[in-house]
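**Student:** One structure, as C-alpha cells, below. Some questions next.
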Amino acid sequence: APDLITSLPGLSEMPSFQQWSGYLEAGPGHYFHYWFVESQGNPATDPVVVWLNGGPGCSSMEGLLAENGPLHLNDDGMPYLNPYSWNKVANMLYLESPAGVGYSYSDFTQSSISDNQVAEDNYQALQSFFAKFPAFSNNDFYVFGESYGGIYVPTLSAKIVKGSANFNFKGFGVGNGMTSYYLNEVTLMEFAYYHGVFGDELWALLNKNCCYQGTCNYINNTNSNCITAILPAYERLYGIGLNMYNFYAPCWGGANYQERYEADLSNLFHQYQFNVPVPKVGSIP
Amino acid sequence: GVPRCINATAMYIWLNRDDVRQALHIPSSLTNWELCSSQVRTHYKRIYMDMAPFYQTLLKHDLRALVYNGDVDMLCNFLGSEKFVESLNKPMLKSYQPWYYNNQIAGFFKEYEKITFLTVKGAGHMVPQYKPGQALKMFQCFLSNTTY
C-alpha cells in the first residue's frame, strides 16, 4: 500500500488500473526502483512480465515512458495514456537495474559491477517483488528486455531456473538484443553494405582482406589490411552522424557527442581501439 | 546520460519534477534521474560474449523464447539475431514468412521448437516506440502462444 501511486502530475485523471512505485531489495544494500502497472485485462490471471532496458547502465523508465508502458510523455513533458501499452495484456514490472541506474541506488560505492552481479541482483529484486505482491506469485511469469537486456534476460532467466524461489516462469523475450558480439559485428558489415552505407569498393576490400573461404572475421582480425579496411567502414557507421538506433530516421539534436550513444556503441567492435573523431556539433543534413 | 539522436527531454523534465518524485516515492536524498549512468557503464565488467549456452540450457526447460528485432537498427541488427537463433540448431516448425498488422506486412518470422525469431518491419532499436501497434500484437501473440 505505501507504494501505491495515487496521483501522476500532469495527468488529469488516474487510469482505472492500479500502479505502484517504490523500492525492491536487490541484495545487501542495493535498492532497485520499480514501477509496477497492473494489467488492463484481468490482473488476477494475466501474466506478470518484467521489463529491462539495457546499456549497460540505462534506465527502464525509458521502456515505460517512451516504449511499451501505459504512460507516455508529450514533448512538453506532459503525460498521456498510450493506447498500445503492453499492460493491455500483462502486468508489467519496470525495473531500474543495476544500482546506480535512474533512481536505483546502493548504500555503498561499488567498485565494479558485472553481468553476474546484475543477474543476481535482479533475481533478488524479483523475490522482493513477489514478497511484496504475493497475489501475483501464481501468475505466469516472463522476462523481457531490450538491447543489453540481451545479456540481462538470459542470465536472469538462468538464475530463476536454477534458483530455489518458486516463480511460475514460462518464458523470455529479447528485443534488438546483444546475443552474440561476434554475429552482431559480422552481420553489421553485411547490413551496412546492403543498405548502401558504403559501396562496392570498400565491400570488395573488406571481403578480400577479412574473409577466407567464405568466412569473414571483422571482430578480432589481425591482418593489418583487414583492419585498414574496417576503419573507414567504422567511420562511415559511427562518424558521419547516422542514427544508429533507427537507420532511416533523422538524428534528433544533430550529431553532437552524447554519453548514451557511446554507451551503446561500446557494445560493438570492442576488440579494436579505434580512435574515431567525435562528430562535430551541428545538425545532420 | 543524454542519448544522441533520441529525444529524451520530456523524460528528464517529468521524472525530475519534485511532485513526480513524490508521487513515485523517490527519496529526496537521491540525485536527479538520468537516462543512462556513465558511472555504471564505466565500472561495468562484461563477462558474456555469446549467449548461446544460456539459450541451450534454458530451452531444455519448459520455456518459450522470442527473439525480435526492429529491422532498421544498426546497433543490434536483425541479421545477427537471425543467425544467432539459427545457430541454436533447433528444429524448424515454420519457415520464414510474413506476419501482418492491419492487413499490412508487419515483418517476418521463423518458428523453431520453443523459440521464435521475428522482425518488425521499419522499426528501430526501440521497437515498441517506433511500431507500437505491431509490437503489442507481437507481444500478445507470444504470451498467448498463438500464431503471429
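Order-wise, the sequence lines are chains Z and R.
For the first sequence, our numbering gives the first residue as 719, with consecutive numbering after it.
For the second sequence, our numbering gives the first residue as 6, with consecutive numbering after it.
For every residue, glycine included, the Cβ atom is placed at its ideal position computed from N, Cα and C.
Bear in mind that the values here come from a model prediction, so they are computed numbers and not experimental data.
1. What are the boundary residues of the alpha helix (DSSP H) that includes Lys136 of chain R?
2. Let me make sure I understand the geometry here. Which of Z:Glu780, Z:Pro816, Z:Ala744 and Z:Asn786 has the alpha-carbon closest to that of Ser757 of chain Z?
3. Can you tell me the Cβ-Cβ gap for Phe909 of chain Z and Asn82 of chain R, rounded? I've got them flagged as a contact below 8 Å.
4. State the DSSP-derived secondary structure class of His66 of chain R, mapped to helix, strand or coil.
5. Near Gly889 of chain Z, what residues of its chain come up, given a Cβ to Cβ distance below 7 Å and the 5 sequence neighbours on each side ignored?
6. Check whether the Cβ atoms of Ser777 of chain Z and Trp769 of chain Z sit closer than 8 Å, and answer yes or no.
7. Strictly by DSSP, which residues pair up with Glu1006 of chain Z?
8. Counting only beta-carbon atoms, is Trp921 of chain Z nearer than 8 Å to chain R?
9. Please list, in chain order, the residues of the segment 770-787 of chain Z that have any C-beta partner in chain R closer than 7 Å.
10. What does DSSP give as the partner residues of Lys99 of chain R in its beta bridges?
11. Nearest-angstrom Cα distance between Asp23 of chain R and Thr724 of chain Z?
12. Quick one: does Trp38 of chain R have its CB under 8 Å from some CB of chain Z?
13. Using 8 Å as the threshold, is the C-beta distance between Gly129 of chain R and Ala967 of chain Z below it?
14. With a threshold of 7 Å, establish whether the CB of Leu920 of chain Z neighbours any heavy atom of the ligand FAD.
15. How long is the line joining the alpha carbons of Leu98 of chain R and Glu116 of chain R, rounded to whole angstroms?
16. 8 Å is my cut-off, CB to CB: does Lys998 of chain Z come that close to chain R?
17. Applying the 10 Å Cβ sphere with the 16-neighbour rule, what's the burial state of Ala762 of chain Z?
18. Cβ of Pro788 of chain Z within 8 Å of Cβ of Asp858 of chain Z?
19. Using three-state DSSP, classify Tyr872 of chain Z as helix, strand or coil.
20. Residues of chain Z with a CB under 7 Å from the CB of Thr62 of chain R: which are they?
21. Which of helix, strand or coil does DSSP assign to Tyr975 of chain Z?
22. What first and last residue would you give for the beta strand (DSSP E) that runs through Asn809 of chain Z?
23. So which residues of chain Z does Ala111 of chain R contact, with C-beta pairs closer than 8 Å?
24. Of all the options R:Thr151, R:Cys41 and R:Gly85, which has the alpha carbon lying nearest to the alpha carbon of Tyr774 of chain Z?
25. Would you tell me roughly how many angstroms separate the C-alpha atoms of Pro103 of chain R and Thr151 of chain R, rounded to the nearest one?
26. Based on the DSSP secondary-structure assignment, which residues constitute the bridge partners of Val892 of chain Z?
27. Are there 16 or more other CB atoms within 10 angstroms of the CB of Met732 of chain Z, so buried, or fewer, so exposed?
28. Taking the alpha-carbon of Ala853 of chain Z as reference, which of Z:Asn939, Z:Pro872, Z:Cys969 and Z:Asn760 has the nearest alpha-carbon?
29. Run the CB neighbour count on Gly138 of chain R, radius 10 Å, all protein chains shown included, and call it buried at 16 or more, exposed below.
30. Residues of chain Z with a CB under 8 Å from the CB of Asn82 of chain R: which are they?
**Tutor:** In this structure, then:
1. No alpha helix (DSSP H) holds Lys136 of chain R; DSSP gives it neither H nor E.
2. Z:Asn786
3. 4 Å
4. coil
5. Tyr860
6. Going by C-beta atoms, Ser777 of chain Z is not nearer than 8 Å to Trp769 of chain Z.
7. Outside the displayed span of chain Z (719 to 1003) sits residue 1006 of chain Z, for which this structure offers no information.
8. no
9. Gly773, Pro774, Gly775, Cys776, Ser777, Met779, Glu780, Leu783, Ala784, Glu785 and Asn786
10. Note: Lys99 of chain R sits in a beta bridge opposite R:Glu116.
11. Each residue's alpha carbon lies about 15 Å from the other.
12. yes
13. Yes, the pair counts as a contact, with Cβ atoms nearer than the cut-off.
14. Looking at this structure, you won't find the ligand FAD or any other ligand, since it has none at all.
15. 5 Å
16. Interpretation of Lys998 of chain Z is limited by its pLDDT of 47, a score under 50 that renders its predicted location unreliable; the figure taken from the coordinates is listed afterwards. Taking Cβ atoms only, chain R never reaches closer than 8 Å to Lys998 of chain Z, which makes this a no.
17. exposed
18. no
19. Sequence check: residue 872 of chain Z is Pro here, not Tyr. In this structure, Pro872 of chain Z counts as helix in the three-state DSSP scheme.
20. Residues of chain Z passing the Cβ test: Ala876.
21. Summary for Tyr975 of chain Z: the model assigns pLDDT 48, below 50, so the residue's position carries little reliability; its value from the coordinates is reported in the next sentence. It is coil, neither helix nor strand.
22. Asn809 to Leu813
23. Within 8 Å Cβ-Cβ: nothing; Ala111 of chain R doesn't reach chain Z, min ~13 Å.
24. In the sequence under discussion, the amino acid at residue 774 of chain Z is Pro, which differs from the Tyr named in the question. Comparing Cα-Cα distances from Pro774 of chain Z to each of R:Thr151, R:Cys41 and R:Gly85, the minimum goes to R:Cys41.
25. Pro103 of chain R and Thr151 of chain R: Cα-Cα distance of roughly 15 Å.
26. Z:Gly863 and R:Val72
27. Flag for Met732 of chain Z reads exposed.
28. Z:Asn760
29. Exposed.
30. The answer, in chain order, is Asn902, Thr905, Leu906 and Phe909.
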